[in-house]
Amino acid sequence: MSTSASERDTQDSASTPLDFKRGQYVQEIGYDEDVDFDLRESIEKVLEEELADDDVDDVFDAIIMWWRADDPDLTDAIVDAQTTLSTGGIIWLLTPKPNRDGHIRPADISDAAPTAGMHVTSTVSAAPDWSGYRLVGKKNYG
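So the sequence shown is numbered by the UniProt record's numbering: it starts at 1 and just counts up by one.
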């Protein structure tokens, strides 16, 4: 299987709460012991391969960012993530839900995304303890 986003054959398959499809090349940033392992497993099952580590320097169809309140600056992290994101790619920002350690206020995400050149297009309950915010580039918004 190819490791380049442009060479992959994206096909429909079972969906995850984040709507990934088989053949997408996805990087994971912010992995730690508190991530939702069931969600990760369901994504990898749909993709039919493992998520790429955050130290892989390539071009990705999508990026999953596990982000918590005590992590470094969110705006800078979103800007940095876009350097490996393919044209039309998305970032799924996963943050702890309210009343959980590391929760980030939605207003902070709504401020950080446009400053970083992206828009929040939808939110989902990604897992029991994690909310998901779908971010797309301003050129792809619509």
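For each residue, glycine too, the CB sits at the ideal point set by N, CA and C.
**Study point:** CA nearest to the CA of residue 130, picked from 104, 73, 115
**Key:** On the sequence shown, residue 130 is found 130 positions in, with the first residue counted as 1. Of 104, 73, 115, the residue nearest in Cα terms is 104.
Practice item. Using beta-carbon positions only, say whether residue 113 and residue 78 come within less than 8 Å of one another. Key: Taking the first residue of the sequence shown as position 1, residue 113 is located at position 113. Taking the first residue of the sequence shown as position 1, residue 78 is located at position 78. Yes, they are a contact pair.
Exercise for review: Starting from the N-terminal side, write out each stretch of the beta strand (DSSP E) that is 3 residues or longer and does not extend beyond the stretch 25-54.
Suggested key: 26-29
Point to revise | Coil, strand or helix - residue 96 by DSSP | key: Position 96 of the sequence shown, counting from 1, holds the residue named residue 96. Looking at residue 96 - three-state DSSP - the assignment turns out to be strand.
Check your understanding: In the DSSP assignment, what residue or residues form a beta bridge with residue 131?
Key -> Working through the sequence shown from its first residue, we reach residue 131 at position 131. DSSP, once it has assigned bridges, lists 95, 125 as partnering residue 131.
Review point. If you drop the 5 nearest sequence neighbours on each side, which residues of the same chain put their C-beta closer than 6 Å to that of residue 124?
Key: As a working note, residue 124 is residue 124 in the sequence shown. The residues are 17, 132.
Check your understanding: What whole-angstrom Cβ distance do residue 121 and residue 134 have, given they're in contact under 8 Å?
Key -> The residue you call residue 121 lines up with position 121 of the sequence shown. The residue you call residue 134 lines up with position 134 of the sequence shown. Indeed they touch by this definition, with Cβ atoms about 5 Å apart.
Practice item. Within the same chain, show all residues whose beta-carbon is closer than 8 Å to that of residue 26, passing over the 5 residues directly before and after it, in chain order. Key: Here residue 26 refers to the residue found at position 26 of the sequence shown. 20, 43, 47, 51, 52, 60, 61, 62, 63, 64, listed in sequence order.
Exercise for review: Using beta-carbon positions only, say whether residue 107 and residue 91 come within less than 8 Å of one another.
Suggested key: Against the sequence shown, residue 107 aligns to sequence position 107. Against the sequence shown, residue 91 aligns to sequence position 91. No, these two residues do not count as a Cβ contact at 8 Å.
Check your understanding: Can you give the Cα-Cα distance for residue 89 and residue 83, rounded to whole angstroms?
Key -> For this step, residue 89 is matched to residue 89 along the sequence shown. For this step, residue 83 is matched to residue 83 along the sequence shown. When rounded, the distance between both Cα atoms is 11 Å.
Point to revise | Three-state class that DSSP yields for residue 59 in the structure shown | key: For this step, residue 59 is matched to residue 59 along the sequence shown. Looking at residue 59 - three-state DSSP - the assignment turns out to be coil, as it is neither helix nor strand.
Review point. CA-CA distance, residue 74 and residue 49?
Key: As a first step, residue 74 is located in the sequence shown; it is residue number 74 there, counting from the start. As a first step, residue 49 is located in the sequence shown; it is residue number 49 there, counting from the start. Each residue's alpha carbon lies about 28 Å from the other.
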